[in-house]
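Colleague:
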Amino acid sequence: MSDAFRCTRKCVALKAMAERREDSALSSWFSAAFRCFVAVLLCSVCPHGSGVSGSESDPFWAGSSGLSETAAAARDVRYLLYDVNPPEGFNLRRDVYIRMASLVKTLRQRGDWVLVLPPWGRLYHWQSPDMHQVQIPWGEFFSISSLQANIPVIEYEEFIAESGGPFINQVLVLQNYAEGWKEGAWEEKVDERPCIERLLYDKDKQGYYRGWFWGYEETRALNVTCVSAQGHASVLAPYLLENLTATSVMLDRAETVLHDHYAGKDYWNTRRSMVFAKHLRVLGDQFRAQYLNSTDKLDHTPYNEDWTRMKAKLGSAKGGPYLGAHLRRKDFIWGHREDVPSLKGAVKKIRSLMKKHKLEKVFIASDADEEEMLKLKKLLPEMVRYEPSRDELKLLKDGGVAIIDQWICAHARYFIGTSVSTFSFRIHEEREILGFDPKTTYNRFCGDEENKCEQPTHWKIIY
Ligand SMILES: Nc1nc2c(ncn2[C@@H]2O[C@H](COP(=O)(O)OP(=O)(O)OP(=O)(O)O)[C@@H](O)[C@H]2O)c(=O)[nH]1
Ligand SMILES: *[C@@H]1O[C@H](CO)[C@@H](O)[C@H](O)[C@H]1NC(C)=O
Ligand SMILES: *[C@@H]1O[C@H](CO)[C@@H](O)[C@H](O)[C@H]1NC(C)=O
Ligand SMILES: *[C@@H]1O[C@H](CO)[C@@H](O)[C@H](O)[C@H]1NC(C)=O
0 MSDAFRCTRK CVALKAMAER REDSALSSWF SAAFRCFVAV LLCSVCPHGS GVSGSESDPF
60 WAGSSGLSET AAAARDVRYL LYDVNPPEGF NLRRDVYIRM ASLVKTLRQR GDWVLVLPPW
120 GRLYHWQSPD MHQVQIPWGE FFSISSLQAN IPVIEYEEFI AESGGPFINQ VLVLQNYAEG
180 WKEGAWEEKV DERPCIERLL YDKDKQGYYR GWFWGYEETR ALNVTCVSAQ GHASVLAPYL
240 LENLTATSVM LDRAETVLHD HYAGKDYWNT RRSMVFAKHL RVLGDQFRAQ YLNSTDKLDH
300 TPYNEDWTRM KAKLGSAKGG PYLGAHLRRK DFIWGHREDV PSLKGAVKKI RSLMKKHKLE
360 KVFIASDADE EEMLKLKKLL PEMVRYEPSR DELKLLKDGG VAIIDQWICA HARYFIGTSV
420 STFSFRIHEE REILGFDPKT TYNRFCGDEE NKCEQPTHWK IIY
């Protein structure tokens with residue numbers, strides 16, 4: 000454990016956070032194991048001096064890691080917080096982060112803005128029973144130092160500590176325009192408008208606004224107003240800079256605004272900075288080695304902890320000797336979508352791809368329910384899956400397990416995903432970063448009766 004004591008400040012904070020959330024129902028041996036695990040793994044991702052984003056004396060870096068309240072005030076820091084429409088899934092939320100990051104880049108041309116990472120939780124798809132999956136910091140899923148090499152970010156609990164408490168000065172609920180937009184007359188605009196939908200915030204006796212706030216009951220907003228916005232994320236910048244003086248501003252329904260420049264250089268910089276947390280990558284790599292004879296060396300997928308130095312040539316990655324398949328089920332089959340195959344159809348395609356690419360193994364990532372999974376195993380007995388034990392699941396949570404599934408699919412010799420699933424899209428991007436030939440990546444299953452089965456678009460990285 001000596002490594003654990005060499006943790007940086009942030010690491011200690013994360014470890015403390017992990018401990019606080021410890022579930023009393025866990026057996027004591029497990030909680031001890033949990034602490035060691037989290038401490039060692041999180042500590043190993045902390046920057047040691049020559050961190051990814053430069054030295055700790057860099058003001059940019061200092062601004063994003065544990066400023067004291069007075070230091071923050073003296074520096075005129077402004078905080079941008081955001082949240083997303085509750086039904087949206089994990090992978091769409093990752094996309095909204097990219098939009099907010101580009102807004103922060105625009106804001107930073109005119110001031111010292113910091114993005115506050117909205118804690119994960121209460122996601123519709125995270126259905127593992129008896130698990131309290133709220134108030135999860137980003138550090139459990141992503142490498143914070145990697146994010147910080149792109150823009151200054153802090154966890155929500157750090158925001159509370161450095162901004163003087165659980166108060167958000169101004170919440171702006173983003174909405175469209177009540178009148179819609181006139182045909183042929185698309186324009187980008189922002190206006191303070193009356194709220195169209197019923198507000199999800201209530202005024203308490205003291206006149207503060209109470210709301211979901213990621214499960215932090217003590218959080219209060221001083222003011223909540225609605226803003227109609229139409230256009231790319233940075234369309235909000237002049238309003239935030241010139242019309243508002245609030246130190247902390249939260250954009251609710253942040254998915255309302257679009258990407259500044261989808262798949263442009265900035266988009267990709269932010270996407271590349273969204274490096275998965277090291278412990279998840281390590282577990283995925285261990286699984287690859289143990290069950291799929293797949294290592295970075297054999298597969299030509301060298302990884303650099305510092306994403307700014309990661310620039311794999313297109314086609315340089317070979318990938319492990321297995322087919323990776325993402326089968327999105329659940330809500331994707333309930334509507335009988337014609338672009339999603341039956342299990343039988345999927346297995347037929349899997350077998351033909353294995354034959355074509357001379358692969359003997361297939362790794363399946365899927366959200367299928369137990370009944371479907373049994374059916375799939377009958378049809379495809381040789382399939383390999385990542386199946387965490389109950390304790391591992393408690394530790395990694397549904398989000399961590401999903402990331403490990405994505406990581407393993409990202410390293411397959413050939414990948415095939417599900418039509419318009421953001422889960423599959425994020426795998427495409429990961430493979431693009433690793434340098435796979437696009438032919439091995441941008442593939443999807445076709446529905447059994449689908450005539451025109453259009454394949455996904457190749458989005459090339461702009462460095
Ligand atoms: N472990 C695991 N979980 C999955 C898989 N596919 C879907 N899920 C779960 O289901 C959720 C839904 O997928 P997301 O892509 O995040 O949700 P979304 O943004 O609504 O995107 P769509 O897939 O487009 O619906 C994921 O966040 C996971 O929790 C999978 O292959 N493995
Ligand atoms: C911001 O302030 C300017 C100048 O006072 C005003 O013209 C503009 O309408 C305001 N913007 C919004 C969105 O209210
Ligand atoms: C709330 O915010 C709006 C928009 O910035 C502002 O016009 C209004 O005066 C604020 N209300 C209070 C009580 O501060
Ligand atoms: C793993 O892959 C290597 C290199 O392709 C090969 O030489 C070796 O036999 C494989 N091992 C197993 C157990 O399949």
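For the sequence shown, counting from 1, position 197 maps to 196 in numbering that gives the first Met the number 0; every step adds exactly one. Backbone N, C-alpha and C define an ideal beta-carbon position, used for all residues, glycine too.
Between 360, 78, 145, which lies nearest to residue 308 when the distance is taken from Cα to Cα?
Modeller: Answer by Cα proximity: 145.
Colleague: Buried or exposed: where does residue 184 fall if 16 or more other Cβ atoms within 10 Å of its Cβ makes it buried?
Modeller: Exposed, by the Cβ-count rule.
Colleague: How many angstroms separate the CA atom of residue 341 from the CA atom of residue 384?
Modeller: Cα-Cα distance, rounded: 19 Å.
Colleague: Going by DSSP, which residues form a beta bridge with residue 474?
Modeller: Residue numbering for the chain in the displayed model covers 0 to 462; residue 474 lies beyond these limits and cannot be assessed.
Colleague: For ligand 2, is there a heavy atom less than 8 Å away from the beta-carbon of residue 242?
Modeller: Flag set: Cβ of residue 242 near ligand 2.
Colleague: Give the DSSP-derived three-state secondary structure of residue 325 in the structure shown.
Modeller: In this structure, residue 325 counts as strand in the three-state DSSP scheme.
Colleague: Could you name the residues whose beta carbon sits closer than 5 Å to any heavy atom belonging to ligand 3, keeping them in chain order?
Modeller: Listed along the chain, these residues meet the criterion: 222, 224.
Colleague: Which partner residues does residue 112 have in the DSSP bridge list?
Modeller: Residue 112 pairs with 77.
Colleague: Label residue 467 either buried or exposed according to how many other C-beta atoms from any shown protein chain fall within 10 Å of its C-beta, with 16 as the threshold for buried.
Modeller: Because the chain spans 0 through 462 in this model, residue 467 falls outside it and cannot be assessed.
Colleague: Going by the C-beta, is residue 187 closer than 8 Å to any heavy atom of ligand 5?
Modeller: For the structure depicted, ligand 5 is absent and the ligand set comprises only ligand 1, ligand 2, ligand 3 and ligand 4.
Colleague: For the beta strand (DSSP E) containing residue 463, name the first residue and the last one.
Modeller: In the structure displayed, the chain extends from 0 to 462; residue 463 sits before or after that span and is not available.
Colleague: Confirm, please, whether the CB-CB distance from residue 394 to residue 403 is below 9 Å.
Modeller: It is not a contact, given that the beta carbons lie outside the stated cut-off.
Colleague: Less than 9 Å between the beta carbons of residue 412 and residue 321, yes or no?
Modeller: Yes, the Cβ-Cβ distance between residue 412 and residue 321 is below 9 Å.
Colleague: Rounded to a whole number of angstroms, what is the C-alpha to C-alpha distance between residue 291 and residue 299?
Modeller: Using only the alpha carbons, I get a separation of about 15 Å.
Colleague: By Cβ distance, which residues of its chain are closer than 6 Å to residue 125, with the 5 residues on each side in sequence left out?
Modeller: Once the five neighbours on either side are set aside, the close Cβ partners of residue 125 are 132, 397.
Colleague: Quick one: does the C-beta of residue 190 sit closer than 8 Å to a heavy atom of ligand 2?
Modeller: Yes, the Cβ of residue 190 comes within 8 Å of a heavy atom of ligand 2.
Colleague: According to DSSP, is residue 237 helix, strand or coil?
Modeller: In the structure shown, residue 237 sits in a helix (DSSP, three-state: H, G or I).
Colleague: Using 10 angstroms around the beta-carbon of residue 206, count the other beta-carbons present and answer buried if the total reaches 16, otherwise exposed.
Modeller: Exposed, because fewer than 16 other Cβ atoms sit within 10 Å of the Cβ of residue 206.
Colleague: Given this structure, state the Cα-to-Cα distance separating residue 378 from residue 182, to the nearest angstrom.
Modeller: Going by the C-alpha atoms only, they are around 50 Å apart.
Colleague: Smallest Cα separation from residue 329: which of 369, 272, 220?
Modeller: Of the candidates 369, 272, 220, the one whose C-alpha sits nearest the C-alpha of residue 329 is 369.
Colleague: On the premise that residue 444 lies in contact with residue 418, defined as a C-beta separation below 8 Å, what is that separation, rounded to the nearest angstrom?
Modeller: Yes, residue 418 and residue 444 are in contact; Cβ-Cβ is about 7 Å, under 8 Å.
Colleague: Once DSSP output is grouped into helix, strand and coil, what is the label at residue 132?
Modeller: Three-state DSSP puts residue 132 in coil, outside helix and strand.
Colleague: Closer than 6 Å from C-beta to any heavy atom of ligand 4: which residues, in chain order?
Modeller: The filter returns 292, 297, in chain order.
Colleague: Let me check one thing: in DSSP terms, what residues is residue 247 bridge-paired to?
Modeller: DSSP lists 78 as partners of residue 247.
Colleague: How would you write the range of the beta strand (DSSP E) that residue 190 sits in, first residue to last?
Modeller: Note, residue 190: beta strand (DSSP E), 188–191.
Colleague: Which word fits residue 136, buried or exposed, when buried means at least 16 other C-beta atoms lie within 10 angstroms of its C-beta?
Modeller: With 16 or more other Cβ atoms within 10 Å, it is buried.
Colleague: Please state if the CB of residue 323 and the CB of residue 414 are separated by a distance shorter than 9 Å.
Modeller: For residue 414 and residue 323, yes; Cβs fall inside 9 Å.
Colleague: From the DSSP output, which residues share a beta bridge with residue 393?
Modeller: In DSSP, residue 393 forms no bridge with anything.
Colleague: Is residue 176 near ligand 2, judged by its Cβ being under 8 Å from some heavy atom?
Modeller: Checking every heavy atom of ligand 2 against the Cβ of residue 176, none is found closer than 8 Å.
Colleague: Would you say the beta carbon of residue 238 is closer than 8 Å to some non-hydrogen atom of ligand 2?
Modeller: Yes; taking the cut-off as 8 Å, the Cβ of residue 238 has a heavy atom of ligand 2 nearer than that.
Colleague: Taking residue 424 as part of the alpha helix (DSSP H), name the residues at either end of that continuous run.
Modeller: Note, residue 424: alpha helix (DSSP H), 421–433.
Colleague: Taking the alpha carbon of residue 233 as the point to measure from, which residue in 216, 244, 256, 241 has its own alpha carbon closest?
Modeller: Residue 233 has its Cα closest to that of 256, out of 216, 244, 256, 241.
Colleague: Would you report the Cα separation of residue 216 and residue 448, rounded to the nearest angstrom?
Modeller: Approximately 49 Å, taken between the alpha carbons.
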